[in-house]
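Everything in the sequence shown is counted per our numbering, starting at 17 for the first residue and increasing by one.
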Amino acid sequence: MATTEQRDAIIEELKQGVIEFDEDQVKAAAQRVLADGMDAYDAIMNGLSAGMSRVGELFAANEYFVPEVLMCADALYAGLDILRPHVKPGTTAGIKGEVVIGTVEGDIHDIGKNLVKLMFEIAGFTVHDLGRDVPLEKFVEESIRTESDMVCLSAMMTTTMISMPKIIELLRKKNPNIKVMVGGAPVSDDLAKRWGADGYAADAANALSEAINMIDTLRDLKPIG
Ligand code: B12
């Protein structure tokens with residue numbers, strides 16, 4: 017079992033490995049997480065994901081450009097591949113929903129969306145991942161085809177998040193009961209409310225708890241049987 021100091025050191029190695037796009041360092045640190053019996057979820061969120069947040073700052077400061085950011089993303093995914101199968105399923109109070117998720121049209125950012133998807137999957141939800149740059153109508157088609165309880169929309173750019181209210185309108189026309197959750201860095205609780213979304217979460221962990229609440233409410237509304 018790792019001590020707090022050992023845990024902090026390994027988390028830092030994961031974080032720095034992502035920032036310095038050092039896949040070997042990330043892989044080695046991820047293996048240490050498993051060998052030392054550390055919490056894989058803690059390592060993903062506070063190591064890999066925290067590293068990517070720092071990369072975001074470097075990108076914004078023009079210290080990193082697209083090629084560096086892509087290599088950082090590769091390092092993150094190398095760690096995620098190792099850690100993901102070891103994340104302990106969370107408690108969902110028996111609620112297991114069916115969810116459609118995707119990054120909206122024009123937007124190819126999918127790291128955050130994939131972390132949200134991961135949280136849902138480990139909680140036992142069935143996730144229909146449409147990927148990134150998803151045409152508006154595709155969310156509607158897929159939610160009807162799969163009879164999903166909820167649609168999750170991700171956008172990372174101010175220029176692409178504006179399609180969210182349009183998708184919500186299209187979804188509501190076809191299925192007034194569908195729950196819609198929105199997220200991504202430029203999105204806020206205020207915007208979500210203004211667009212008529214049922215939920216918003218700032219990160220993957222809160223996305224799961226928000227989803228559980230929403231699906232619970234939905235089940236209460238539906239007749240049993
Ligand atoms: C990585 C990255 C890229 C990578 C994407 C790789 C990939 N496969 O995703 C690459 C290099 C390809 C890229 C390209 C571009 N990018 Co970029 N990118 C980023 C960066 C640095 C990090 C994003 C990230 O992965 N963060 C880490 C994850 C873990 O966090 P997250 O995405 O926020 O997700 C969390 C939450 O938001 C939330 N969440 C996310 N989705 C959802 C959904 C739901 C339903 C819920 C509830 C929650 C939720 O939970 C997640 C996990 O906790 C950001 C900077 C930043 N500060 O965000 C810029 C950023 C988003 N990019 C930006 C831009 C401008 C671009 C480009 C146009 C650059 C260019 N000139 O080519 C292109 C866009 C191409 C396109 N059409 O989409 C801008 C957007 C600015 C704006 N006004 O909106 C940013 C903000 C950088 C900046 N400061 O200028 N980018």
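Heads up, the beta-carbon is just placed ideally off N, CA and C, and yes, glycines get one too. Keep in mind the model is a prediction, meaning the values are calculated, not measured.
Item	Value
For Pro239, which residues in the same chain have their Cβ closer than 7 Å to its Cβ, ignoring the five residues on either side in sequence?	Note that Pro239 scores a pLDDT of 47, beneath 50, so its modelled location is shaky; the value from the coordinates is reported in the next line. Cβ neighbours of Pro239 beyond the five flanking positions: none.
Judging by CA-CA distance, which residue of Ile124, Gly95, Val115 and Cys88 is the nearest neighbour of Asp165?	Val115
Which first and last residues belong to the beta strand (DSSP E) in which Ser179 is found?	Per DSSP, Ser179 belongs to no beta strand (DSSP E) and is neither H nor E.
Can you find a heavy atom of the ligand B12 that lies under 8 Å from the Cβ of Gly33?	no
Quick one: does the C-beta of Gly113 sit closer than 8 Å to a heavy atom of the ligand B12?	no
Spatial neighbours of Ile231 within its chain, please: C-beta separation below 8 Å, excluding the five flanking residues on both sides.	Ile111, Gly113, Asp165, Met166 and Lys195
At 4 residues or longer, what runs of the alpha helix (DSSP H) sit wholly inside the segment 152-212?	152-162, 174-177, 180-190 and 205-210
Quick one: grab the DSSP three-state call for His102.	helix
Alpha carbon to alpha carbon, how far is Gly215 from Glu121? Give it in angstroms, no decimals.	20 Å
Give a yes or no on contact between the segment 123-130 and the segment 152-159, applying the rule of three or more CB pairs nearer than 8 Å.	no
Rounded to a whole number of angstroms, what is the C-alpha to C-alpha distance between Ala51 and Val42?	14 Å
Whose C-beta lies closer than 6 Å to the C-beta of Gly63 among residues of the same chain, with five residues either side of it excluded?	Ile27, Leu30 and Lys31
With distances taken from CA atoms, which of Arg148, Gly200, Met135 and Ser225 is nearest Ala171?	Gly200
What is the DSSP secondary structure of Tyr57, reduced to helix, strand or coil?	helix
In terms of alpha-carbon separation, which member of Arg161, His144 and Val34 lies closest to Asn191?	Arg161
To the nearest angstrom, how far is it from the Cα of Val49 to the Cα of Ala220?	21 Å
For Trp211, which option in Leu186, Asn222 and Ala218 has the closest C-alpha, if you only look at C-alpha atoms?	Leu186
Can you give the Cα-Cα distance for Ile138 and Phe37, rounded to whole angstroms?	27 Å
What are the boundary residues of the beta strand (DSSP E) that Val143 is part of?	Thr142 to Asp145
What residue range is occupied by the uninterrupted beta strand (DSSP E) comprising Val116?	Glu114 to Thr119
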